[in-house]
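First up is the structure itself, then whatever we jot down about it.
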Amino acid sequence: MQLSRDQLRAAYQRMCLIRNFEDSLHEEFSAGNIPGFVHLYAGEEASGVGVCMHLDDRDAIASTHRGHGHCIAKGCDPRAMMLEIFGKKDGLCGGKGGSMHIADLSKGMMGANGIVGGGPPLVCGAALTAKTLKTGGVAIAFVGDGASNQGTTFESYNLAKVWNLPAVFVVEDNRYAESTASAWSVGGNQVDRAKGFGMPAQEVDGHDFFAVWEAARQAIERARAGEGPSLLHVKLNRYYGHFEGDAITYKGEGEIEQVKTEKDALMLFKQRVTETKLLDSEELTVIEEEAKAAIADCLASAKAGALPTEADLMTDVYVDYKF
Amino acid sequence: MQLSRDQLRAAYQRMCLIRNFEDSLHEEFSAGNIPGFVHLYAGEEASGVGVCMHLDDRDAIASTHRGHGHCIAKGCDPRAMMLEIFGKKDGLCGGKGGSMHIADLSKGMMGANGIVGGGPPLVCGAALTAKTLKTGGVAIAFVGDGASNQGTTFESYNLAKVWNLPAVFVVEDNRYAESTASAWSVGGNQVDRAKGFGMPAQEVDGHDFFAVWEAARQAIERARAGEGPSLLHVKLNRYYGHFEGDAITYKGEGEIEQVKTEKDALMLFKQRVTETKLLDSEELTVIEEEAKAAIADCLASAKAGALPTEADLMTDVYVDYKF
Amino acid sequence: MPMKSFRQAINEALRQEMERDQRVVIMGEDIAGGLGAPGEDDAWGGPLGVTKGLMPQFGRNRVLDTPITESAFIGCAAGAAATGLRPVAELMFVDFMGVCFDQIFNQAAKFRYMFGGRAVTPMVVRTMYGAGFRAASQHSQCLYPVFTHIPGLKVAIPSNAYEAKGLLAQSIRDDDPVIFFEHKVMYDDEVDVPDEPYTIPFGEANVTREGDDVTIIAFGRMVNFANQAADSLAASGISCTVVDPRTTSPLDKETILETASETGRVVVIDEAHPRCNMATDVSALICENCFGDLKAPIKQVTGPHAPVPFSPALEDLYVPGVPKIEAAVREIMGKGH
Amino acid sequence: MPMKSFRQAINEALRQEMERDQRVVIMGEDIAGGLGAPGEDDAWGGPLGVTKGLMPQFGRNRVLDTPITESAFIGCAAGAAATGLRPVAELMFVDFMGVCFDQIFNQAAKFRYMFGGRAVTPMVVRTMYGAGFRAASQHSQCLYPVFTHIPGLKVAIPSNAYEAKGLLAQSIRDDDPVIFFEHKVMYDDEVDVPDEPYTIPFGEANVTREGDDVTIIAFGRMVNFANQAADSLAASGISCTVVDPRTTSPLDKETILETASETGRVVVIDEAHPRCNMATDVSALICENCFGDLKAPIKQVTGPHAPVPFSPALEDLYVPGVPKIEAAVREIMGKGH
Ligand SMILES: Cc1ncc(C[n+]2csc(CCOP(=O)(O)OP(=O)(O)O)c2C)c(N)n1
Ligand SMILES: Cc1ncc(C[n+]2csc(CCOP(=O)(O)OP(=O)(O)O)c2C)c(N)n1
Ligand SMILES: [Mg+2]
Ligand SMILES: [Mg+2]
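Chains as they are written, first to last, in the working numbering: chain A, 1382 to 1704; chain B, 1382 to 1704; chain C, 454 to 790; chain D, 454 to 790.
Quick look at the structure:
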């Protein structure tokens, strides 16, 4: 399978949007402009985008606490996201969700999730909806290496297998859960675990957009064809701390820098498409600059946005309820 | 490794005690003499006894809702158990626990459990105690095929592996969880699942006491030697319904009878030890009759036992508490 | 009107709602039963036969047996509800909430708020509660106070078969997540139940007795005990109002406050453990809002602060019964009663 | 006496109890941190640094970092407690209870009763609660009413660093399972805390202010707000008693009832959602037991029946603050206040 030039441009654009989105949040957090827990996806772009390039609005994804990248990859509006993260009334969730709870069901984005392992069961549900209503849709659970040890995740593997659901589990193994290495916390390994549940699985280099894209293509086609769930073990790295404010002392010296220089996802993508002459470097530069400008613009909107008010406090608890 | 004649006698005695215990409960339930949920272990004796023959009081087991057999195998007093199941004051748990919550921590029996998948985390705890206090003990979780799909079970596999705990998981696969076949409910299989977590595992014929005994010996020695957890997939059959009152219409015609005639655990044991002349059939008959009499006696005690009274209702909620 | 059992009423509500709306699916452990097994299909119809017959009518695609995997299938129901189905999940015993509560209270209950109103989660969790079945500590709890505490959840507790049918139909048609409580000792209890579908709105209490002296507010199975107590107290000249709030969330505050003010004497009956339960909830509500009308302390009659014991001898002492309710009423009526 | 932060006080209690008793072990996610990683060992010391320094002193065998596996490690703590250790498990945020509640409320809490008194389960679950941290709906709940509802559990909610140190030491020495609540916005708050170990007994309330007009009963962080309100009300001539029950289970009923009777006017402050919470619990208790002494309705000041919103603009409205407490007091004092 081959990506069209339009698809390649779209992929690079999304990756650049994510990178810029996260880099600006990092700055804004450091400047004290964003409250709460903020977990950045910078460095992991190829995974979210490589997977979501295969999806459309009938497909659903469930994300994690580290959800911004998945949101953008799945087509959520970065401006509304930025407003949300700044707690503004016009945020994607009216300011009520914040970074850890961004969602847009109209785009099939079922939510970032503050609960590690919260997403996989929900994905079984979206997959069940697709299967029952015969929408042709599939559902993807993004699962951290840390979340890969949570009971809800294993149960979802089994339920998806036993019910033959159109689901894919994407284990994004960025080598750490908070400060704890996945090399320590994961008994066995992701691929063997999947096989233990009777699911096909493969390991993928998560810095390589094309590798993710191809592996995801197979898994998603399989699910769409009614052949059941499978798992991808995507190995990658995050560039920032677990959350903003993390001093990252647990990582080895130069660990992040080495990844950045040797296998940055955007860099690898650019090398590949220019070397193979699929896109030229000028158009890539345009995409980069547009992304940068777009995010700067989102940021300006977010800063200027109005806050929610007392009238918003008690709305949206229920569809209807007699208080 | 070879079992001594004394060990063989003890093993057969325990199996006979369990069989008689369960058969009498079946009758008593049918006669309306026992209330509540009663899950019988008849048919599965070789598993509990084959495993527990390797254990002593420093070792712990956690059981399931189908706990009577494990209790007897681990050395709990059948009389006190019977009193408990009849809800009597002198029951092993003062009548407060009943069939689903029999326990005797002094014997390392951490309790039957009304929650499917409740036991494995507790076993990690007992194993941690053994490891931390260097008692030399090991801890065994009995897990049904149904319970093998519960998140708590998987998490316990991983925790035991990552912490290198002296634990063994014994999956007693009696082919059904309530009315649902394990052939349907278990994605993948037990041995591959264990391997997915990096644990050694083997499949065992649970009708064959000697097979269980040998596999358990290896797993328990491994754990005692500090080499970490492992799993046994024990395949067996239950003779009665899921609980007493179950019409068992989901099973195939003659399914239970065939097991009883072809591979009843007591029958196989007897054949093996008499054929190999380890024990003679007279002494086995004596053991059988003694077991029968012992259980009849327990039953009489249980029926005659006094009930708890209002004074007992609010005791044992706490060690101490200011109401 | 035909007499139907609590079990039949629930079965009928499920059947009628499934007929009415293709998006309604039901799921749970052995709700049909016999999956993968050589014998009878629909072998169980739920552990106590409540869902029997639904699989033959609606098929395995809408009657979904699950492995033992509450967090996955309850979460699956939440995810399915958010994406277009209307699932009814059976949490066999509410005591099992501890293995799946996150998917209920952090996911389903909060989607709408966290997502700024841009989500609906029309799911129902049917679950058994209550003592009296000799089912011991881990199969006998009430726990509805815990669910009532959580914003975003609705909680229905039918007191008989008629209520069960109407409240369950409403639960399924409702666009918010509803936890539906079925008392396990009531399944064989019969009352008149219409054949045709009907709903009972949430947050509207049912006043089952009207009286002048004391208002008894009770939940679920306890409503029946309260009615019995009221009938027997009437014989000794004490006239009671009995209120069945039907749903604890939303709670029909108006009816509660009105009936409390009318009599000025209140007894609240709650089978649940006494701390932070519905008895405290309703007592506090009344004490805050119609203090001036109160003639006596508000009495609470509840289960004790202890796990549910197995022994029938103890369990019978555990469950708040008619005599305890009568005694509480007589106590606040004061001397001479 | 040296000033110490809430964080330091908890760290000190853990350290001293671990020194005192070899059976005390602590476990949780990243409570030391850096496991399997090339960089700093003890890199985190818990997500907010509360357990920092304990691993270097006591080693990895007693400071046990876990995978993200709450049901396994909380259950492990229960099993370890039942077999001879005295584990202190950290449930990072109480909001995560939903993935492990079974091991707490059906296992640890019930062992002793189910096993007829033949078990002790000396475990502590330390956990963060409360709003104000901009941590949104799934990291800001209180939920202690849920644990208070469960027989077999004890629940401690320290209101400052001094209380935290003494109550945590007691929790660790206690032979029953204790859930220990730490308000996440209080970690940097300092008060005088003795260096030497001490315990504060459970079920003995602390009366932090004595007054004649109104009794304010508050929990955890709210005690500080109640004190502030009392101080400011004193300026306008309203004199308040403030009661910090310290533990919700057991609850010091005597002190509550006594102080309520003395003033005859009561306000209960509870950060938790309003339904079936500690405000209802205490209100109902008072209304049942000192009705005759009450001069006014019992007011409840609580968080609203809504998930905790992320936006600081909304969260600030969410948390019950000093002005709301003052307003409630003035309201029951009646006209002219
Ligand atoms: C149930 C639960 N336990 C613990 C946490 C705290 N927590 C938030 S993120 C995180 C680490 C997650 O690691 P991983 O799954 O690898 O995702 P990553 O952060 O690396 O993307 C932890 C422990 C939580 N939010 N929910
Ligand atoms: C968490 C939980 N879910 C469901 C149940 C109801 N239940 C009790 S036993 C059982 C089947 C267990 O099957 P298995 O683990 O195979 O054990 P077996 O009964 O075959 O010995 C079920 C579903 C329960 N007790 N706990
Ligand atoms: Mg990670
Ligand atoms: Mg089974």
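Glycine is no exception: its CB is placed at the ideal position from the N, C-alpha and C atoms.
(message) Check whether the segment 471-484 of chain C and the segment 1691-1703 of chain B touch, using three or more Cβ-Cβ pairs below 8 Å as the test.
(response) no
(message) Taking a contact to mean a Cβ-Cβ separation below 9 Å, would you say Glu543(C) touches Arg565(C) in this structure?
(response) Along the third sequence, read from residue 1 onward, the residue named residue 543(C) stands at position 90. Along the third sequence, read from residue 1 onward, the residue named residue 565(C) stands at position 112. Judged by their CB atoms, Glu543(C) and Arg565(C) are not nearer to each other than the 9 Å cut-off.
(request) Look at the alpha carbon of Glu1595(B) and the alpha carbon of Gly1450(B), and state the distance between them as a whole number of angstroms. (result) Numbered from its first residue, the second sequence carries residue 1595(B) at position 214. Numbered from its first residue, the second sequence carries residue 1450(B) at position 69. Rounded to the nearest angstrom, the two C-alpha atoms are 19 Å apart.
(request) May I have all residues whose beta carbon comes closer than 6 Å to any heavy atom of ligand 3, sorted in chain order? (result) Listed by position in the chain, the residues whose beta carbon lies within less than 6 Å of some heavy atom of ligand 3 are Gly1525(A), Asp1526(A), Gly1527(A), Asn1555(A), Tyr1557(A) and Ala1558(A).
(request) List in chain order: all unbroken alpha helix (DSSP H) runs of 4+ residues lying wholly within the segment 663-723 of chain D. (result) 674-688 and 706-716
(message) Three or more C-beta pairs under 8 Å: does that hold for the segment 735-745 of chain D against the segment 711-723 of chain D?
(response) yes
(request) For Trp1544(A), go through chain D and note every residue whose CB falls closer than 7 Å to its CB, in chain order. (result) Residue 1544(A) sits at position 163 when you count from the first residue of the first sequence. Neighbours of Trp1544(A) on chain D: none; closest Cβ ~22 Å, over 7 Å.
(request) Kindly examine ligand 2 and report whether one of its heavy atoms sits closer than 8 Å to the Cβ of Thr1445(B). (result) Counting from one through the second sequence, the residue named residue 1445(B) turns up at place 64. Correct: Thr1445(B) has its Cβ closer than 8 Å to ligand 2.
(message) Counting only Cβ pairs nearer than 7 Å, list the residues of chain D close to Ala1564(A).
(response) Locating residue 1564(A) in the first sequence gives position 183, counting from the first residue. Those within 7 Å of Ala1564(A) in chain D are Gly489.
(request) Pull up the distance between the alpha-carbon of Ala622(C) and that of Glu616(C), whole angstroms please. (result) Position 169 of the third sequence, counted from the first residue, corresponds to residue 622(C). Position 163 of the third sequence, counted from the first residue, corresponds to residue 616(C). Approximately 10 Å between the Cα atoms of the pair.
(message) Any beta carbon of chain A sitting closer than 9 Å to that of Gly1527(B)?
(response) Position 146 of the second sequence, counted from the start, is the residue given in the question as residue 1527(B). No - not a single Cβ of chain A is within 9 Å of the one on Gly1527(B).
(message) Give the list of continuous alpha helix (DSSP H) stretches no shorter than 4 residues that lie fully inside the segment 1496-1570 of chain A.
(response) 1500-1513, 1532-1543 and 1563-1566
(request) Tell me, please, which residues DSSP counts as bridged to Val477(C). (result) By one-based count along the third sequence, residue 477(C) stands at place 24. Checking the DSSP bridge columns, you'll see Val477(C) partnered with Arg539(C).
(request) Please indicate yes or no: does the CB of Gln1531(B) lie closer than 8 Å to some heavy atom of ligand 2? (result) Locating residue 1531(B) in the second sequence gives position 150, counting from the first residue. Correct: Gln1531(B) has its Cβ closer than 8 Å to ligand 2.
(request) Take Gly502(C) as the anchor and find which of Ala683(C), Pro773(C), Ile778(C) and Glu482(C) has the nearest alpha-carbon. (result) Looking up residue 502(C) in the third sequence gives position 49. It is Glu482(C).
(message) Less than 8 Å separating the Cβ of Val1640(A) from some heavy atom of ligand 1?
(response) Looking up residue 1640(A) in the first sequence gives position 259. Checking the Cβ of Val1640(A) against ligand 1 gives no.
(message) According to DSSP, simplified to helix, strand and coil, what is Arg579(D)?
(response) Sequence index remark: in the fourth sequence, residue 579(D) carries index 126 (1-based). It is a strand residue.
(message) For ligand 2, is there any heavy atom lying closer than 8 Å to the beta carbon of His1407(B)?
(response) To locate residue 1407(B), count along the second sequence from 1; it is residue 26. No, ligand 2 has no heavy atom inside 8 Å of this Cβ.
(message) Closer than 8 Å is the cut-off here; do at least three beta carbon pairs connect the segment 575-589 of chain C with the segment 530-550 of chain C?
(response) Contact between the segment 575-589 of chain C and the segment 530-550 of chain C is established, with three or more Cβ pairs separated by less than 8 Å.
(request) Just mark Asp666(C) as buried or exposed, buried being the case when its beta carbon has 16 or more other beta carbons within 10 Å. (result) Translated into positions along the third sequence, residue 666(C) becomes position 213. Burial call: buried.
(request) Kindly indicate if chain B contains any beta-carbon less than 9 Å away from that of Gln591(C). (result) The count along the third sequence starts at 1 and reaches residue 591(C) at position 138. Yes, Gln591(C) lies at the interface with chain B (some Cβ there is under 9 Å from its Cβ).
(message) Does the distance between the C-beta of Ile1496(B) and the nearest non-hydrogen atom of ligand 2 fall short of 8 Å?
(response) Your numbering for residue 1496(B) matches position 115 in the second sequence. Under cutoff, so the answer is yes.
(request) Starting from Tyr566(C), find everything on chain A with Cβ-Cβ shorter than 7 Å and list it in chain order. (result) One-based indexing of the third sequence puts residue 566(C) at position 113. Residues of chain A passing the Cβ test: Lys1477, Asp1697 and Val1698.
(request) With DSSP collapsed to three states, give me the class of Lys1641(A). (result) Your numbering for residue 1641(A) matches position 260 in the first sequence. Lys1641(A) falls in the helix class under three-state DSSP.
(message) On the DSSP letters alone, give me the boundaries of the alpha helix (DSSP H) that Ile778(C) sits inside.
(response) Within the third sequence, residue 778(C) is the residue found at index 325, counting from 1. Boundaries of the alpha helix (DSSP H) around Ile778(C): Val775 to Met786.
(request) Would you tell me roughly how many angstroms separate the C-alpha atoms of Ile1483(B) and Val1543(A), rounded to the nearest one? (result) Numbered from its first residue, the second sequence carries residue 1483(B) at position 102. Numbered from its first residue, the first sequence carries residue 1543(A) at position 162. In a straight line, the C-alpha of Ile1483(B) is about 33 Å away from that of Val1543(A).
(message) Let me check you understand the geometry: is the CB of Phe549(C) closer than 8 Å to at least one non-hydrogen atom of ligand 2?
(response) Walking along the third sequence from the start, residue 549(C) turns up at place 96. Result yes, Cβ under 8 Å from ligand 2.
(message) Less than 9 Å between CB atoms is the rule here; does Val772(C) satisfy it with respect to chain B?
(response) On the third sequence, position 319 is the one that residue 772(C) refers to. No, no contact with chain B.
(request) Under 8 Å between beta-carbons, which chain C residues line up against Glu741(D)? List them in chain order, please. (result) The sequence position of residue 741(D) within the fourth sequence is 288, counting from 1. Under a criterion of Cβ atoms nearer than 8 Å, the residues of chain C adjacent to Glu741(D) are, in order, Ser736, Pro750, Ile751, Lys752 and Gln753.
(request) Check whether the Cβ atoms of Phe1377(A) and Ser1444(A) sit closer than 9 Å, and answer yes or no. (result) Absent from the structure is residue 1377(A), since the part of chain A shown begins at 1382 and ends at 1704.
(message) Taking the alpha carbon of Gly489(C) as the reference point, which residue from Ile1496(B), Gly1475(B) and Gly1568(B) has its own alpha carbon closest?
(response) By 1-based counting over the third sequence, the position of residue 489(C) is 36. Ranking Ile1496(B), Gly1475(B) and Gly1568(B) by Cα distance to Gly489(C) puts Gly1568(B) first.
(request) Using a Cβ cut-off of 8 Å, pull out every chain B residue sitting near Ile527(C), in sequence order please. (result) Here residue 527(C) refers to the residue found at position 74 when the third sequence is read from its first residue. Those within 8 Å of Ile527(C) in chain B number zero; the least Cβ separation is about 12 Å.
(message) Taking 6 Å as the limit between beta carbons, can you name the residues of its chain near Gly664(D), skipping five residues before and five after?
(response) As a first step, residue 664(D) must be located in the fourth sequence, where it is residue number 211. Sequence-distant partners of Gly664(D) (beyond 5 residues in either direction) whose C-beta falls short of 6 Å from its own C-beta, in its chain, are Ser692, Cys693 and Thr694.
(request) Count the CB pairs spanning the segment 1467-1475 of chain A and the segment 497-515 of chain C that are closer than 8 Å, and state whether there are at least three. (result) They do not touch, by the three-pair rule.
(request) Count the other CB atoms, across all protein chains shown, that sit within 10 Å of the CB of Ala1606(B); report buried if there are 16 or more and exposed otherwise. (result) Residue mapping note: residue 1606(B) aligns to position 225 of the second sequence, counting from 1. It is exposed - the Cβ of Ala1606(B) has fewer than 16 other Cβ atoms within 10 Å.
(message) Quick check: is the beta carbon of Glu643(C) nearer than 9 Å to any beta carbon in chain B?
(response) As a first step, residue 643(C) is located in the third sequence; it is residue number 190 there, counting from the start. Taking Cβ atoms only, chain B never reaches closer than 9 Å to Glu643(C), which makes this a no.
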